[in-house]
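Residue numbers (my numbering): 91 to 552.
C-beta atoms are modelled at their ideal positions from N, C-alpha and C, and glycine is treated no differently.
These notes concern the structure reproduced below.
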Ligand SMILES: Cc1cc2nc3c(=O)[nH]c(=O)nc-3n(C[C@H](O)[C@H](O)[C@H](O)COP(=O)(O)OP(=O)(O)OC[C@H]3O[C@@H](n4cnc5c(N)ncnc54)[C@H](O)[C@@H]3O)c2cc1C
């Protein structure tokens, strides 16, 4: 039952239709793409529902809602597309969920500056559509392009298909407008490079809404490429493919797409794409094939990579069509979400193959199979898709324990437990272990900016 004082106060700030409190609305906004199965021991944190959902349509309304939350010491949780897979947008302590979909305008596109200014709730696909007539593309291109928002992607510092060349979402950010936990607005300078003190954009990139609500962003944009070249290469072993990818980067090649995947039925395949201006594209693609051949790679039909590229958004599109607006009980019980876990680990290049071997040793005899190994975008970024054997399916605790063990191993080998999706609910218990004193510094900043701990509490800073 929502506190009537909170509801009345919000209705003084926003029109009644932008303050939602029916059980259906609260259910809809009290889940993202994380399921209890994949939350393991933290699954209990998914149970709490939002007290109310608001849809502000201006930065002033966001400020008013944040000030009210501060006065009432009520938690406040920013919500973008709700596609996060770590539970970052869940109201684990109840409170106000702030859906940013009302801030959905592309405000300007400047080809000369190679930059655009957008509101935080703009869906990435809509940004791409707005850039197309100007002959530009956007450098962050995740599976979830048709749902995820600009601010959600900044707050998770997500990784997309073109990140080999253009970097993760955080690398697209030139400047931000953020409503701080006090209700004040902070605007950073949208310059490519400054040397006048610390760059505060990085307080918000990857911070999952713990330091404020991003309402506007100035983003880099990229001239649509003159040429594109797709290559497919097969390898006898993952190690050979890994050595080839490492050599490509060491040489200074700049692929746009790199995905080296090992799957039981497919073997080891490298999907690669180069784009840009014509001379560089053909030179880079030819050299990449020579590098692969020197590591045992055999070039195969590039149609395989063209197909991969054309279908890259299909899982996000399936999610949008079949899951997004479903009650959380339906989202939680979707078949795929009950049968696997997908890990995305960052390690020094020199440790990746050793790490894989040590994970195999850890998982042996535990009834857990790794059905996919991958290097995505950079040789340092290593993924594993873990599936419990049928005998083990009803025992997520075994999978959860094993996941914690392999993630802790990554931390102990100088790596990070997650490079793509953030921490959220799922990994919050391992964050202090990973960061050490860095975590204490970040928490001190959090306490200084958010003394009432209203902004997305209970996750990054438990
Ligand atoms: C099918 C599918 C495919 C996916 N593929 C990819 C992929 O290829 N690459 C990838 O990186 N991720 C992928 N994801 C995960 C997800 O799409 C990303 O994490 C995405 O960046 C989240 O954006 P969102 O708008 O949905 O954010 P949400 O899930 O709504 O929120 C994510 C986090 O950001 C915070 N937040 C949201 N808006 C704001 C704001 N305005 N200010 C401050 N904080 C805010 C939330 O509180 C939360 O902590 C995928 C997810 C699904 C379901």
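Length of the line joining the Cα atoms of residue i and residue j
| i | j | result |
| --- | --- | --- |
| residue 369 | residue 317 | 9 Å |
| residue 384 | residue 378 | 10 Å |
| residue 224 | residue 215 | 15 Å |
| residue 371 | residue 344 | 9 Å |
| residue 473 | residue 437 | 11 Å |
| residue 273 | residue 206 | 25 Å |
| residue 418 | residue 428 | 14 Å |
| residue 43 | residue 341 | Since the first and last residues shown for the chain are 91 and 552, residue 43 lies out of range. |
| residue 259 | residue 217 | 13 Å |
| residue 519 | residue 375 | 43 Å |
| residue 321 | residue 102 | 58 Å |
| residue 276 | residue 288 | 14 Å |
| residue 213 | residue 159 | 26 Å |
| residue 263 | residue 455 | 45 Å |
| residue 444 | residue 495 | 15 Å |
| residue 220 | residue 195 | 10 Å |
| residue 424 | residue 126 | 11 Å |
| residue 447 | residue 531 | 34 Å |
| residue 452 | residue 492 | 8 Å |
| residue 441 | residue 502 | 11 Å |
| residue 313 | residue 93 | 50 Å |
| residue 325 | residue 120 | 44 Å |
| residue 545 | residue 268 | 12 Å |
| residue 241 | residue 190 | 9 Å |
| residue 536 | residue 543 | 8 Å |
Check: residue i C-beta below 6 Å from any heavy atom of ligand 1
| i | result |
| --- | --- |
| residue 164 | no |
| residue 186 | no |
| residue 271 | no |
| residue 231 | no |
| residue 510 | yes |
| residue 298 | yes |
| residue 145 | no |
| residue 553 | The question about residue 553 has no answer here: the residues shown for the chain are numbered 91 through 552. |
| residue 277 | no |
| residue 304 | yes |
| residue 122 | yes |
| residue 405 | yes |
| residue 383 | no |
| residue 308 | no |
| residue 110 | no |
| residue 546 | yes |
| residue 429 | no |
Presumed contact (8 Å Cβ cut-off) between residue i and residue j, rounded CB distance
| i | j | result |
| --- | --- | --- |
| residue 525 | residue 177 | No, residue 525 and residue 177 are not in contact; Cβ-Cβ is about 19 Å, not under 8 Å. |
| residue 167 | residue 124 | No, residue 167 and residue 124 are not in contact; Cβ-Cβ is about 14 Å, not under 8 Å. |
| residue 181 | residue 165 | 7 Å |
| residue 298 | residue 246 | 7 Å |
| residue 465 | residue 339 | Between residue 339 and residue 465 the Cβ distance is about 10 Å, and since that is not below 8 Å, they are no contact. |
| residue 309 | residue 301 | Actually they do not touch by this definition, with Cβ atoms about 19 Å apart. |
| residue 382 | residue 434 | That pair is no contact at about 24 Å. |
| residue 319 | residue 252 | With a Cβ gap of about 14 Å, residue 319 and residue 252 do not count as contacting. |
| residue 128 | residue 415 | Contact flag wrong, Cβ pair sits at about 21 Å. |
| residue 140 | residue 116 | 5 Å |
| residue 348 | residue 335 | 6 Å |
| residue 250 | residue 291 | At roughly 19 Å, the Cβ-Cβ gap does not stay under 8 Å, so residue 250 and residue 291 are not in contact. |
Bridge-paired residues (DSSP) for residue i
| i | result |
| --- | --- |
| residue 544 | According to DSSP, residue 544 bridges with nothing at all. |
| residue 307 | 208 and 266 |
| residue 465 | 350 and 472 |
| residue 431 | 476 |
| residue 361 | 322 and 349 |
| residue 506 | 436 |
| residue 227 | 312 |
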